[in-house]
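**Student:** Submitted below is the structure of interest, expressed as structure tokens.
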Amino acid sequence: MWNKQTATEPQSQSQPSDSEVDNGRMAVPSSLSLARIGASLEIKGSVTGEEDLQIDGKVEGPVVIRGRLTVGRSGQLTSGVTARELAVYGKVSGNVDARDRVEIKKDGAVIGDIQTARISIEDGAIFKGRIEIGRSSPNAAAKRENSPAVGAGAA
């Protein structure tokens, strides 16, 4: 009775958070953690980091993320973006350098040039700019940061 051993039950897997679910399917898990800028937040200045980032608020300034950057439906990003991957459900106004891929979802919009290895643009998405498919380089991102964004004064 006193020395009764109880079997330990295996830990149940936790349910994915809203940010991990993408249109009913599980997003690809990352070894890095996810940071989030909420819908009520507005940031003016540069944002840099190692982990994945989801932007649901407004960011004015360059964003450099080593992981995956997701611009949520209410997210608005005004400036250049450098990331491993970019998924756009909201709006990005500025040049994009995504090493692996860019996904512009049906309600998403990107106004600016894109440099990436792979791209997906869903029906209903808005894109205005140039796309360069190929390996991304740090020099290419720096050159595009210094050039004006497409759409500023273009008809």
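Numbered according to our numbering, the sequence shown spans residues -8 to 146. The beta carbon of each residue, even a glycine, is placed where N, CA and C say it ideally should be. It should be emphasised that the depicted structure is a prediction, and the values quoted were computed from it without experimental measurement.
(1) From the DSSP output, in three-state form, read off GLU123 for me.
(2) How would you write the range of the beta strand (DSSP E) that ARG92 sits in, first residue to last?
(3) I think VAL174 touches THR69, with their Cβ atoms under 8 Å apart; what is that distance to the nearest whole Å?
(4) Just to confirm, is the Cβ distance from LYS97 to GLY81 under 8 Å?
(5) With a Cβ-Cβ cutoff of 8 Å, do GLY71 and ASP47 count as a contact?
(6) Where does ALA116 sit, in a helix, a strand or coil, going by DSSP?
(7) Can you tell me where the beta strand (DSSP E) with ALA26 in it begins and where it stops?
**Tutor:** Considering the structure as presented:
(1) In this structure, GLU123 counts as strand in the three-state DSSP scheme.
(2) 87 to 95 is the extent of the beta strand (DSSP E) around ARG92.
(3) For residue 174 there is no data in the structure shown, the boundaries of the chain being -8 and 146.
(4) Not in contact: LYS97 and GLY81 (Cβ atoms no closer than 8 Å).
(5) No, Cβ-Cβ distance for GLY71 and ASP47 is not below 8 Å.
(6) DSSP places ALA116 in coil when its eight states are reduced to three.
(7) Per DSSP, ALA26 belongs to the beta strand (DSSP E) from 25 to 28.
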